[in-house]
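Structure first, commentary second.
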Amino acid sequence: MDKKSVNQTAKWRRPGSQRKKRKFHGVLPHEHEANTSYASASASKLQQSEDTSFDVHVDQTTGYSILQFFLVFSTLQEYLKCKTCDKDVSFTKYGQRGLGFKVCITCKCGKRYINSCHMISTGYEINRRLVYIMRLIGVGLSGINKFCGLMELGTGISSSIYYKIIDSISIAVKSVFDVVMLKAVREEKLLNAQHGEPEDILTIKLLQSMREKERN
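Per the working numbering, the sequence shown starts with residue 4, numbered consecutively.
Following this line, the structure appears as structure tokens:
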């Protein structure tokens with residue numbers, strides 16, 4: 004059998020016996036932001052709550068700082084040791100998604116991971132905060148990634164992660180808007196009652212103005 008016949012025999016496969024493509028069973032980066040259940044649950048709690056004072060308790064010790072990873076952590080490595088094995092430790096970045104990542108601490112005991120910021124469900128808070136703030140000043144995905152590139156903060160945020168974050172923000176903003184409007188209506192009813200006016204006078208005036216616009 005010549006060489007050509009051998010190659011043809013090797014390439015021949017029984018009909019229907021094609022190689023199956025491998026399926027990825029892990030979690031893709033954008034799927035960490037796809038879960039909007041956290042925002043939906045928070046929105047539900049907000050709408051059902053009777054407290055409409057909107058007094059937010061702020062921890063002044065929480066906040067973000069920009070630092071040069073290698074400069075800071077390479078210096079820390081010179082001074083720190085593991086309390087368990089009494090050996091030197093090293094710090095590296097692991098699993099970066101947008102501006103969020105895990106700090107991997109390695110020593111003789113093994114590896115341990117610390118989130119670089121708070122997590123909202125399975126997504127990094129810093130990514131949602133970045134998208135929200137940038138949208139407030141009119142900057143979209145392209146501007147965010149350009150900012151991250153110029154500041155050497157990584158490759159930025161992928162389009163899939165960006166739009167998943169937008170969905171979560173939309174749910175949160177809508178729920179806050181609904182609660183604020185409900186609070187305003189309740190206050191208006193109380194003022195009307197104090198002045199001897201019908202409680203629904205605001206609603207009546209709005210309906211009348213809307214009907215006049217429709218007629219015109």
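Every residue gets a Cβ at the ideal spot worked out from N, C-alpha and C, and that includes glycine. Being a predicted model, the structure only gives us computed values, none of them experimental.
Selected residue, minimal CA-CA separation from residue i, among the options
| i | options | result |
| --- | --- | --- |
| residue 138 | 122, 126, 166 and 117 | 166 |
| residue 82 | 212, 72 and 93 | 93 |
| residue 72 | 127, 119 and 183 | 119 |
| residue 76 | 109, 62 and 64 | 109 |
| residue 65 | 192, 121 and 182 | 121 |
| residue 202 | 215, 170, 187 and 172 | 187 |
| residue 70 | 195, 154 and 147 | 154 |
Same chain only: Cβ atoms within 7 Å of residue i, ignoring 5 sequence neighbours per side
| i | result |
| --- | --- |
| residue 168 | 36, 130, 131 and 134 |
| residue 87 | 112 |
| residue 146 | 137 |
Residue i (DSSP reduced to helix, strand or coil)
| i | result |
| --- | --- |
| residue 91 | strand |
| residue 142 | coil |
| residue 116 | strand |
| residue 97 | strand |
| residue 127 | strand |
| residue 137 | helix |
Residues near residue i in its chain [Cβ-Cβ closer than 6 Å; skip 5 each side]
| i | result |
| --- | --- |
| residue 116 | 105 and 107 |
| residue 101 | 130 and 160 |
| residue 97 | 105 and 107 |
Alpha-carbon spacing of residue i relative to residue j, whole angstroms
| i | j | result |
| --- | --- | --- |
| residue 163 | residue 142 | 17 Å |
| residue 113 | residue 156 | 28 Å |
| residue 13 | residue 149 | Because residue 13 sits at a pLDDT of 48, beneath the cut-off of 50, its placement in the model cannot be relied upon, and the point is left open. |
| residue 91 | residue 85 | 6 Å |
| residue 184 | residue 219 | 28 Å |
| residue 174 | residue 127 | 17 Å |
| residue 123 | residue 199 | 47 Å |
| residue 152 | residue 99 | 15 Å |
| residue 67 | residue 136 | 14 Å |
| residue 74 | residue 103 | 18 Å |
| residue 144 | residue 182 | 29 Å |
| residue 196 | residue 217 | 30 Å |
| residue 215 | residue 177 | 28 Å |
Terminal residues of the beta strand (DSSP E) in which residue i lies
| i | result |
| --- | --- |
| residue 108 | 103 to 110 |
Alpha helix (DSSP H) segment containing residue i, residue limits
| i | result |
| --- | --- |
| residue 169 | 162 to 197 |
| residue 78 | 72 to 82 |
Neighbourhood of residue i by C-beta distance below 8 Å, restricted to the same chain and skipping five residues each side
| i | result |
| --- | --- |
| residue 79 | 94 |
| residue 158 | 148, 151 and 152 |
Cβ-heavy atom distance, residue i to the ligand ZN, below 6 Å
| i | result |
| --- | --- |
| residue 203 | This structure does not include the ligand ZN; it has no bound ligands of any sort. |
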